Structure formats: C-alpha cells, structure tokens
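Each residue of the sequence shown is one higher than the one before, starting from -12 at the first, in this note's numbering.
Backbone N, C-alpha and C define an ideal beta-carbon position, used for all residues, glycine too.
Predicted, not measured: the structure shown is a model, and the values here were computed from it.
What follows is a single structure, written as structure tokens, with notes after it.
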Amino acid sequence: MSVKERSVKERFLAFSPTDYRYAVEDLRAFLSEEAFVKYKARVEAALAKAFASKGILRKELCEEIVRACEEVSAEEVYEEEKRTRHDIRALVNVIRRKVSEEAKPFVHLCATSYDIVDTANALRYKDALEKVIIPDLLRLESVWMRLALREKDTLQIGRTHGQHAVPITFGFAIANYVHRLGTCILRLKDAASNLVGKFSGAVGAYNALSLIFENSDDVEAFEREVLGILGLKPALISTQIVPAEHFLELVHAVIACFSVLANFCDDMRNLQRSEIAEVRESFEEERQVGSSTMPHKRNPVGFEGVKSLWKRFMPQIVTMHLDQISEHQRDLTNSASQRYLQELLVVFDFCVRRLTRISERLEVERENMRRNFEISKDFVTAEPLYILLALHGHPNAHEHVRKLAFEAYREGKSLKEIAMQDKEIAYYMQKFTERQREIVFNAEKYVGIASKKVERVVEYWKQRLNIHL
C-alpha cells in the first residue's frame, strides 16, 4: 500500500468528521497533532537560545538542542508517552535522547509543562489565523464587496418579521454583511495579536528562574527573551497557565464571525425558497443530485451545511467560559476540553472557504425580485404617505393612513386610489413638493440612499482592510 493510499484509508478510520469531511489541508501545518508537537519543540528550542544568549549555555550545546527539537516527531513522542504517562516529559525525553550528555541538563531547564503548552498554543493559533484563516476571510469579504457593488441598484423588497416592508436593493442587503464581516475580521486580528505566552514556572512566580537570576528585572527579561524569539509577548502575570481570557477572546471573535456567516446563510437559504426564489446556489446540472428520490430538487445544501456546522461549534464558547475557572494556581479541568479548540478553527475556515465558493457563483434572480416587489408596491407607500402628511401638519397622520390602507385591502384597490379620493388629506397633499409627489406613490423610487450606502460601506472596508478589488 502506497503512502497516499494509506493516508486515504487512515482518513476514513478517523472518528471526527473534522478529519474525514471538513479538513483544511493548509491548516495541518499549524493545527494537527504533529504540528502541535513541533510547536512545543520550538518553545523548547527558544529556551535553549535564550540560555545561550545569557552565556549560561555554550553555543555548540544550544545548537545541539535546537537541531534535536527540529527533528522531533509526534510518533516518537507518543511512543514515549506510553511509558511516562506525561506528554511534555515525553517530549523532553525524546529531545534529550538526541543530544550529548553535556547538553541534556539544559533541555526544559526551569520550565513547567504549561510554559511550553500555552506558549505553543498561542503561537500556532496566531500563525493559523494570520497565515490562513484571516486571508481566507478577506477573500470572502472581497467576494461580498463585489456582489454588493454589482447588485447595488437591484430592486428588492425589504423584509422585517418575515413580512414585506419597504424597498431596498439587494446590494444594500449584502453590504450589511460586508460591514459585519469587516468588523469581525478586525476583532479577530486583534484577538490573534493579543495572544500571549508565559515562562514563569510551576505557579507563575518565577521560582525556578530566581535560582539563576538574582534580580527580578532579569527574571522577567529572560521570559521576554524566550517569548520574543517566538514573536510573542508574555502575560503580565500568570499562574501555571496563562490567563484564560486571551484564548477566550479568540474564541469569542471566531464564533462572532461564524455567527455572521450563519446569519448570511439563513438569509440566502430563505431567499431560495420556491415561493420566493430570489437567489440560488449554483448547481452542477450534469452531475449534482438534489434529492435521493426527487430528481428535480435544487436544495441550498451549502448554506444549510454552514449553518449546521455553526450550530455544532457555537456552543464551544460555553466550554471556554467554563475553562476560565481553574482552582488556585492550576488544575487539569481544562486540559482535555482545550484540545478541541483547533477543531473550531478548522471547521470555521472550512465554512469560510465553502461560503466563498458559493458566493462567487451565487445566482441572483432579478426578475423574481421584481415580481416579489410588485406584490406589495402599492401598500409600502403607506410609510412615505404618512411621513409627508405628518411633516406638512396632519395631526394624526399614522392612524389615518393605517385606516386608508385597510380600506384599500378590503376594497381591493390601491392605496393611491383610496388616498386620492380622501378629502381630509387633500389639503395636506397640496403642500407636497414636486420631489415628494414624485416619490410618495412610486415605491420603486422609495429606496432611500441604498445604492450610495453600498458604495460608501464598500469603500470604507476597502480602506480599513486594505482590499483591492
């Protein structure tokens, strides 16, 4: 069996759908278990480099440790863990086997397990976000920007509470998601850049390092140097673990962004209902199957799939809040639960990529949008009529127009026809300006500044996110 064949077979022997259905290959270098071991080894290597920079470890011994850290594999660490029953001690033992007797004492010197684990997690999550996930989000944002601009003048009936409201444009509806996603991207960037590590020892008080450095400033400077080699900053204070809020804020940012995707999917899925039919997911007619029994079906499976995955991972924020609680300087109640954070990141990015593909090929049914607008165009003029009557002095404009609207419903007439026959409002209607007369009974013109707002929102986020369309 070839390596490729074995890899495919192992994929389908996995327990988690994240592995066999939703994997993002570009994230394996950061979020796989092999990657996690490599990142932990990088922290051990940074420690050796910091000792060498202080003259505590000879350069050639440091180079031995660094090389050994680069050669470590998850397979050998896991094999050693069968004996030690401790993951970090297993990693340390594997590294020590690869170096000389003289170098061995400096492997993991003054470190506790979560100096390594929390720092490695912060580094790999930061890398995954900045190198893969945020660029993927920017691509989705770009697609939505182009869609919004393309459809900025496409007339659509607005909807509130699932009912027809007043007109907008389809581009305006999309621009709202451009703005929401842009806000989330900035929040996610901040959360990634604010991730911190630690090198403060078993209870966070630098007990071990204080045996080497007498001055407290030197102790903290050494921690900064270890983390600086990795491109991280230290927590201002920690226990055996970094303060939970840094990882919590990251998950908050991811799930808030995921929720925007889910909301978009709900809107698009509802617009794809047969009786509405204003948009469609692209469908590969030559081979794609919509139903196992109804050959005619074109289901919104992409939108529904993203919403389903959001439902699975959104509650993970509750777990992260539970992980804020750790007794005294440390307990192990977060050690298992935090191992699933990378699954959230992988599935979230899978959904970002899927939604990007769907949005690029989204079919906009402009004729059906016009048809649905026509259903309510006579009655949505109730709002501009009431506002103009009030503006020109009618003392009870809203109630009067409400009665006129229901009279129109009962008699099967247009609101305009009923209003033009109403003597009570004739006096006020004479005061309307030419522009107001042009708009008041012409719902097609009653779209406010929807088109201009699309342009402004897109331009704003192009500047904030440095996107070039």
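DSSP state of residue i, grouped into three classes?
i           : result
residue 45  : coil
residue 350 : strand
residue 259 : coil
residue 418 : coil
residue 306 : helix
residue 399 : coil
residue 169 : helix
residue 408 : coil
residue 199 : coil
residue 184 : strand
residue 315 : coil
residue 450 : helix
residue 374 : helix
residue 142 : strand
residue 155 : strand
residue 266 : strand
residue 227 : coil
Go ahead and label residue i buried or exposed: buried means 16 or more other beta carbons lie within 10 angstroms of its beta carbon, across all protein chains shown.
i           : result
residue 318 : exposed
residue 169 : buried
residue 150 : exposed
residue 99  : buried
residue 29  : buried
residue 224 : exposed
residue 429 : exposed
residue 204 : exposed
residue 354 : exposed
With a CB to CB cut of under 7 Å and the five nearest residues on each side skipped, what residues in its chain are close to residue i?
i           : result
residue 437 : 155, 156, 159
residue 51  : 86, 87, 90
residue 126 : 343
residue 129 : 454, 456
residue 5   : 330, 333, 334
Taking the alpha-carbon positions, what's the residue i to residue j distance?
i           : j           : result
residue 148 : residue 15  : 43 Å
residue 231 : residue 132 : 35 Å
residue 279 : residue 357 : Because residue 279 carries a pLDDT of 43, less than 50, the predicted location of this residue cannot be relied on, and the following value inherits that uncertainty. Answer to the nearest angstrom: the Cα atoms are 33 Å apart.
residue 352 : residue 138 : 11 Å
residue 82  : residue 171 : 40 Å
residue 320 : residue 313 : 7 Å
residue 44  : residue 36  : 8 Å
residue 113 : residue 182 : 7 Å
residue 144 : residue 184 : 51 Å
residue 424 : residue 375 : 10 Å
residue 123 : residue 382 : 55 Å
residue 108 : residue 326 : 10 Å
residue 399 : residue 287 : 36 Å
residue 199 : residue 57  : 27 Å
residue 264 : residue 142 : 14 Å
residue 238 : residue 302 : 11 Å
Can you give me the Cβ contacts of residue i inside the same chain, cut-off strictly under 8 Å, excluding the 5 residues immediately before and after it?
i           : result
residue 300 : 242, 245, 330, 331, 334, 335
residue 24  : 59, 60, 61, 64, 78
residue 308 : 235
Give me, in chain order, the residues of the same chain whose beta-carbon lies closer than 6 Å to that of residue i; leave out the 5 immediate sequence neighbours on both sides.
i           : result
residue 447 : none
residue 255 : 266, 290
residue 193 : 187, 206
residue 306 : 324
residue 120 : 336
Pop quiz: residue i and residue j are said to be a contact at Cβ under 8 Å. What is the actual Cβ separation, rounded to whole angstroms?
i           : j           : result
residue 18  : residue 106 : With a Cβ gap of about 16 Å, residue 18 and residue 106 do not count as contacting.
residue 401 : residue 395 : 6 Å
residue 210 : residue 221 : 5 Å
residue 249 : residue 293 : 7 Å
residue 261 : residue 350 : That pair is no contact at about 15 Å.
residue 337 : residue 11  : 5 Å
residue 427 : residue 372 : 6 Å
With a cut-off of 8 Å, does the C-beta of residue i fall near any C-beta of chain D?
i          : result
residue 76 : No chain D is present in this structure, which holds just one protein chain.
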